[in-house]
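**Student:** Sharing a structure here in structure tokens format.
Here it is, written out as structure tokens:
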């Protein structure tokens, strides 16, 4: 029998521990013959990442504790392993060195030297060298520079192949081993602003000769490159404003295979990520709107592949028409799968169990709202969903607005127990693809340039006001929450607009100047990101001060919950500490929770549980309803 109870008080079987257990999505899925490999998080094991192999019959962990298959290149990491000729090379989080093991899980041994500074040398985007005796990859000397290196599998001294740009992707040897291709870019550009596709010959001494730029530029972003033949490359690039697949000869001659106003690429936050893979015979597996599709260059078409799991990421494909990847859906969690395109057979490699909470999962509703600036703001709304409860007649639900991180990123409407944790208790959620989001072409992406902290805030407020105007959300019970760049947007919103009653902010940017180039809180990869989003220093210093939420504690529209990892190199705790110090004594209710051992994003099960229960209690106290979470202490 359905019970009548106020929104926010509904009893849900989905606990914070369930959210933590579900936070182990597979990534970096790769096919190697009949085998499939991937890495997955282990929240219950300190948040470490492990490498898994499916040999066609069973799943086996290749790197049991204490191994942690991650790296810190650009502080966001990149492709952390390579399978080659029965051997496996991977990066270990603790010291950032490369280690060698085999398919039977032999004790790993280091093949790179111990750096002078802890974690000082970092490796990613690994490929096999032409003769099979070396791993070729990017090596990052902490925040100083990157270079392409060859690492002998026998543990010999790594040798430098070449260095052309401040930032470089991994080297891609041509099929005949005579040339190498890679991407490079310089400050202040981010890789989605502009990159250069470089090609160089391999010289007699095994290093790279002078390079030529065959594509890209200041306003063209090449995000992935693969060799098609000894003299032709396949690349995802956007000279026409949309990431499309092109064939480019080493002489620079280019042709788009299936031109259209759709995105087949994305922002290169992590080196080694791929959005397309050749299938042979002029066909390519691609990702369009997070859905698997096949591009056929003969017909110039891109056709979605219909499967029971419509959303895909971290995928790979083979020339015989097999696609592997992480797949999921609005009601299905991410899982490693293997799809035979010729038969349509989809195999769940991990044997994921059916969700015990299927009835409690919200169905995402695609929405689009009119911006006052004349564009449409895409969003996904998740209404309160619980088969056991209904609200009293006339009551409107509280809603939480989620701006995504990045800010150069987008929403993916896959099953998310983080969202269901709240919606199953009667709290609605809406995720917003504000101006600057990817997936809608360069013009939409660049709407945020010079407008960060303004356009994103305006779009989130626009969505919230629209939900109120149509009678979907309670105008007095609107919250905004976000992490990283989403935390910036949430903090900027709660200090500049009168729409939201409170904000839950995780590992945020709160003060622009120290986070920009040369600032004490910056890191190299993003140290000049703000120049495009806000403006360059010193000429825009007043704008930096005016936009930074830390300077506007006196205009907070409501209470604030702040969650921060103490080992975060991207958004250091110093910013959150200063913000809370400014809050203390103001009378504004607030709470500040810090987590030892957590970096940029929470990985440990105990952290995820504490953070979700604190957020639920926070909303209950602000919006006036009782919850089943431990009471969060608010300070003034």
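In the numbering used here, the protein residues as written are -17 to 618.
Glycine residues also receive a C-beta, built at the ideal position from the N, C-alpha and C atoms.
1. Name the residue from 61, 463 and 115 whose alpha carbon lies nearest to the alpha carbon of residue 68.
2. Assign residue 568 to one of two classes, buried (16 or more other C-beta atoms within 10 Å of its C-beta) or exposed (fewer than that).
3. Looking only at its own chain, which residues have a Cβ that is under 8 Å from the Cβ of residue 370, when we skip the five neighbours before and after it?
4. For residue 440, name the three-state secondary structure that DSSP assigns.
5. Using a 10 Å radius around the Cβ and a threshold of 16 neighbouring Cβ atoms, would you call residue 76 buried or exposed?
6. Just tell me which of 492, 339 and 87 has its CA closest to the CA of residue 565.
7. For residue 201, which residues in the same chain have their Cβ closer than 6 Å to its Cβ, ignoring the five residues on either side in sequence?
8. For residue 495, tell me which candidate among 392, 188 and 510 has the shortest Cα-Cα distance.
9. Distance check for residue 393 and residue 6, CA to CA, integer angstroms please.
10. Can you tell me the Cα-Cα spacing of residue 374 and residue 339, whole angstroms?
11. On a Cα-Cα basis, can you pick out the residue from 132, 128 and 486 that is closest to residue 147?
12. Out of curiosity, what's the CA-to-CA distance linking residue 28 and residue 81?
13. What are the start and end residues of the beta strand (DSSP E) that includes residue 229?
14. Over the uninterrupted alpha helix (DSSP H) stretch that includes residue 63, give me the two end residues.
15. Who are the near neighbours of residue 616 in its chain, counting only those whose CB is closer than 8 Å to its CB and skipping five residues on each side?
16. What ranges does the beta strand (DSSP E) occupy inside the stretch 371 to 413, keeping only unbroken runs of at least 3 residues that lie completely in it?
17. Taking its Cβ as the centre, do 16 or more other Cβ atoms sit within 10 Å of residue 107, making it buried, or is it exposed?
18. Along the beta strand (DSSP E) that carries residue 555, what are the first and last residues, could you check?
19. Can you check DSSP and say which residues form a bridge with residue 99?
20. Under DSSP, the alpha helix (DSSP H) around residue 202 begins and ends at which residues?
21. With distance defined between alpha-carbon atoms, name the residue in 254, 472 and 487 nearest to residue 481.
22. Spell out a yes or no on whether the stretch 444 to 458 and the stretch 515 to 532 are touching, meaning 3 or more CB-CB pairs, one atom from each, closer than 8 Å.
23. Whose C-alpha, out of -12, 33, -2 and 16, is nearest the C-alpha of residue 8?
24. Where DSSP assigns a beta bridge to residue 461, which residues make up the other side?
25. Could you compute how far the alpha carbon of residue 185 sits from the alpha carbon of residue 250?
26. Helix, strand or coil: how does DSSP classify residue 56 here?
27. Please classify residue 443: is it buried, with 16 or more other beta-carbons within 10 angstroms of its beta-carbon, or exposed?
28. In the structure shown, what three-state DSSP assignment does residue 36 receive?
29. Per DSSP, which one or two residues make a beta bridge with residue 128?
30. Looking at the structure shown, is residue 450 part of a helix, part of a strand, or coil, going by DSSP?
31. Alpha carbon to alpha carbon, what distance is there between residue 456 and residue 206?
32. Round the Cβ separation of residue 54 and residue 104 to the nearest angstrom and send it over; I've been treating them as touching at under 8 Å.
33. I'd like the list of long-range same chain contacts for residue 477, defined as Cβ closer than 8 Å, with 5 residues on each side in sequence excluded.
34. Less than 8 Å separating the beta-carbons of residue 220 and residue 203?
35. Do you know how far the Cα of residue 578 is from the Cα of residue 548?
36. Reducing DSSP to helix, strand and coil, say where residue 356 ends up.
**Tutor:** Considering the structure as presented:
1. Considering only alpha carbons, the answer is 115.
2. By the 10 Å Cβ count, residue 568 comes out exposed.
3. -16, -15, -8 and -7
4. For residue 440, the three-state secondary structure derived from DSSP is helix.
5. It is exposed - the Cβ of residue 76 has fewer than 16 other Cβ atoms within 10 Å.
6. Distances from the alpha-carbon of residue 565 to those of 492, 339 and 87 put 492 closest.
7. 176
8. 510
9. 18 Å
10. 24 Å
11. 128
12. 21 Å
13. 226 to 231 is the extent of the beta strand (DSSP E) around residue 229.
14. Here residue 63 belongs to no alpha helix (DSSP H); instead the beta strand (DSSP E) covers 63 to 66.
15. Excluding five sequence positions before and after residue 616, the CB atoms of its chain that fall closer than 8 Å to its own CB belong to 541, 571, 572, 573, 600 and 603, given in chain order.
16. 381 to 385
17. Classification for residue 107: buried.
18. First-last for residue 555: 555 to 565, but that is the alpha helix (DSSP H), not the beta strand (DSSP E).
19. Residue 99 pairs with nothing; no bridge assigned.
20. Here residue 202 belongs to no alpha helix (DSSP H), and DSSP marks it neither H nor E.
21. 472
22. no
23. 33
24. Note: residue 461 sits in a beta bridge opposite 382 and 484.
25. 29 Å
26. helix
27. Counting the other Cβ atoms within 10 Å of the Cβ of residue 443 gives 16 or more, which makes it buried.
28. strand
29. Under DSSP, residue 128 shares a beta bridge with 122.
30. helix
31. Straight-line Cα distance between these residues: approximately 44 Å.
32. 5 Å
33. 531, 534, 535, 537, 538 and 539
34. yes
35. Spanning the two alpha carbons is a distance of roughly 5 Å.
36. coil
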